[in-house]
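What follows is a set of notes on a single structure, which appears directly below.
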Amino acid sequence: MIDEFGLADSDPKQHASAHRLRAATMHRRRSWLGPLARVGRGADGSDIRELMVRNGKLDRPSPFTPAATALSWGTTAVSIGLALEDLRDGDLGILAWSILFIALSVYRTVAPSALADTEAGKTRIIVEALLPALAIVTTGGFSSPFLATIVTPVAIAGFIGGIGFALRLGLAAIAGILSGIILSDTWVTDDLELAIQWTGIVVLVAFISGWSRRISGEADRERSLALDRVERLSDANALLFSLHRVTQSLPESLDMGDVLDTTVTRLRGLCEFDAVTIMIFDETDATWEVVRSEGVALPAHIGPTELPMALKQAIADNSLIEVSEHAAGQPGLMEGARSGLYSVLPARGSLIGLLALENREPNRFTYRDVELLNGFIEPLALAIDNARWFRRLRTVGANEERTRIARDLHDRIGQSLAYVAFELDRLGKTCAKGEEVGMSVERLRGDIRDVIGEVRDTLYDLRTDVNEDNGLAETLRVFADRVEQRTGLKIELRFESDDRLPLLQEREMWRIAQEAIVNIEKHAEAAHVEVSWLCEGSDAVLMIVDDGKGFCVGEDGRNDSFGIMGMRERAASIGARFDVMSEPGAGTTVRCVLGV
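According to our numbering, the stretch in the sequence shown is residues 60 to 655, in order.
Put into structure tokens, the structure is as follows:
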């Protein structure tokens with residue numbers, strides 16, 4: 060059986076693929092590559108290396124490498140200085156050890172990664188500590204010129220391993236030196252005092268280097284936390300900026316084409332992709348209507364079983380799905396897509412659409428892309444849902460407008476033309492009898508002129524609308540003059556500001572005012588109408604008050620005949636509040652409030 064998402068209940072392979080996809084997605088989010096986007100990608104690869112170091116993929120060089128290098132050269136120089144007399148005497152053993160310690164200092168200088176804070180680095184330091192211990196034992200014990208070289212590995216051990224590691228290494232080295240001296244039968248009384256002194260020196264060096272490491276580690280952690288906060292604030296700022304831009308465009312984004320154009324522009328500002336697809340669910344046939352696709356050729360409608368596995372998984376999880384690399388046999392929407400972000404578009408508690416961003420490279424989308432898109436989905440879905448409902452309301456409004464036009468043609472022009480037809484029939488019969496028809500023809504000519512005037516008025520009213528040049532105030536003024544001329548109805552206009560709303564909102568306000576005035580003209584039997592319009596920024600109030608016969612607001616039939624339902628729907632489409640207050644014999648007040 061195929062469910063509504065196209066997943067086969069009896070197909071374990073397909074479900075296994077879905078679970079692998081989900082597991083890969085979660086692994087991707089938790090993997091060490093995830094925070095890569097927060098660090099950034101430098102052209103020289105330095106940021107990538109730092110991230111790999113943080114996650115144990117590469118050795119971390121110790122921040123004390125310069126100090127360790129300087130200490131190595133210093134102790135080597137001191138030892139060679141103490142051994143100069145033996146070198147002049149041609150002591151080959153002293154010469155060999157001097158060359159070895161110089162080579163070791165060179166190695167520590169050119170290969171600082173050898174001092175890395177890893178198990179391998181600690182092992183190297185233990186090995187290096189054996190060299191000075193052996194040199195001291197073989198060149199005179201505690202009288203050896205190379206006695207200072209034992210300080211370097213102990214200090215380095217403290218830098219990379221802490222106080223405990225440095226103490227263990229230093230005490231082990233002193234014990235080894237004592238054991239070597241005793242076994243070689245070169246022990247003298249003064250060696251005990253020297254052993255105690257150098258033990259104190261080694262312990263002091265271990266404490267100083269280990270404490271330095273602790274202080275440096277705390278500073279490094281604070282720095283990492285500060286950088287992480289800055290990176291998170293940067294991502295949050297980018298997201299908030301995008302959300303702010305979307306929020307700003309919402310009042311003007313009632314046209315589906317404008318919404319989709321704005322959406323694609325915002326998405327390209329958030330992340331990089333080769334193809335974008337936006338689909339809206341079509342309830343009539345349970346398919347997905349492709350309303351925007353760039354970088355990929357798709358049919359106008361896609362069935363639920365034709366969706367790629369990633370989108371099916373996004374529907375099943377009701378969330379955003381990241382695919383780092385498409386598995387074999389599970390392609391995306393775009394041919395050659397290797398990675399992608401796939402998400403549902405939820406609005407007002409229901410699933411209204413789908414979004415797919417795809418790239419031809421694997422592992423192209425980062426943790427930052429996922430977080431930014433997650434924050435972008437909700438306002439995006441709301442904007443698309445608003446445009447979808449507005450498109451439906453415009454369709455309904457167009458049908459209502461056609462019905463109103465047909466009613467006007469029937470009630471006004473149709474009746475007048477019927478009268479003209481009857482009058483012509485009468486005149487024809489009168490002429491057949493030979494009777495005088497001059498006066499009747501003259502009256503008929505005047506009636507025809509009246510009909511032509513009615514046709515012109517009707518067409519003019521249909522063409523009248525707000526636009527970029529003429530706002531609601533100017534349009535209302537022209538319309539009110541024409542209504543006064545043809546009916547004698549006194550219309551008083553009060554405009555308290557010159558501000559304008561976005562065109563789509565202002566147009567709906569105008570249609571509400573026009574419908575209210577036409578209803579007064581036809582049904583209210585009023586002598587005076589007062590129209591008030593106040594607009595300040597994004598807030599507006601439209602009020603129309605007449606002194607007509609009024610009606611009972613609770614009578615649904617009268618509500619419908621007066622066009623109240625249509626006005627209420629127009630107000631709702633732009634987020635305005637619509638109220639009608641009326642009583643029989645007390646006139647009617649129509650009020651539409653936006654934002655206040």
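All C-beta atoms, glycine included, are put in the ideal place defined by N, C-alpha and C.
With 16 other Cβ atoms within 10 Å as the buried cut-off, status of residue i
i	result
Leu640	Reading off the sequence shown, one finds Met at residue 640, where the question assumed Leu. When all chains shown are included, Met640 counts as exposed.
Gly104	Since pLDDT at Gly104 reaches only 38, below the 50 mark, its modelled position is unreliable, and no value is offered.
Val649	buried
His86	For His86, the pLDDT reaches just 38, beneath the cut-off of 50, and the residue's location in the model is therefore unreliable, leaving the point undetermined.
Tyr166	exposed
Arg269	Before going on, a small fix: residue 269 reads as Gly here, not Arg. The residue is buried, with at least 16 neighbouring Cβ atoms inside 10 Å.
Met568	buried
Arg327	exposed
Leu524	At residue 524 the sequence reads Asp, which differs from the Leu that was named. Asp524 comes out exposed.
Asp287	exposed
Val403	buried
His360	exposed
Ala480	exposed
Ser238	exposed
Secondary structure of residue i, DSSP reduced to three states
i	result
Leu410	strand
Lys608	coil
Leu416	strand
Thr364	helix
Ala404	Looking at the sequence itself, residue 404 is Leu, so the reference to Ala does not match. Three-state result, Leu404: strand.
Phe637	strand
Asp148	coil
Asp333	coil
Arg559	coil
Ser238	helix
Phe123	coil
Glu381	strand
Asp376	helix
Leu253	helix
Thr198	coil
Phe205	coil
Asp341	strand
Phe424	coil
Thr489	helix
Thr346	strand
Ala232	helix
Ala142	coil
Thr534	helix
Asn578	helix
Glu642	coil
Glu527	coil
Asp509	helix
Bridge partners - residue i, DSSP secondary structure assignment
i	result
Met602	Ser591 and Arg650
Ser50	Outside the shown range of the chain, which is 60 to 655, sits residue 50, and nothing can be said about it.
Lys549	His587
Arg351	Ile337
Phe554	Trp592
Under 8 Å between C-beta atoms of residue i and residue j
i	j	result
Phe435	Leu400	no
Arg272	Gly217	yes
Glu348	Asp341	yes
Asp320	Leu563	no
Val323	Glu353	yes
Val604	Gly547	no
Gly229	Val196	no
Gly609	Glu580	no
Glu595	Asp558	yes
Ala334	Val355	yes
Gly654	Ala599	yes
Glu551	Glu589	yes
Ile260	Gly200	no
C-beta neighbour in chain B for residue i, strict 8 Å
i	result
Val196	As a matter of chain content, chain B is missing from the structure shown, which is built from one protein chain.
Near the ligand GTP: residue i beta-carbon under 7 Å from a heavy atom
i	result
His587	Absent from the structure shown: the ligand GTP. Ligands present: none.
At least three beta-carbon pairs within less than 8 Å, the region 127 to 138 to the region 204 to 213: Verdict: yes, contact present.
Stretch pair the region 148 to 158 + the region 122 to 130: three plus CB contacts closer than 8 Å: no
Three-pair Cβ contact test at 8 Å for the region 368 to 382 versus the region 393 to 411: yes
Touch test, the region 620 to 640 against the region 584 to 591, Cβ-Cβ under 8 Å, three pairs minimum: no
Sufficient close CB pairs (3 or more, under 8 Å) joining the region 214 to 231 to the region 183 to 190: yes
At least 3 beta-carbon pairs within less than 8 Å: the region 408 to 419 vs the region 369 to 389: The region 408 to 419 vs the region 369 to 389: in contact.
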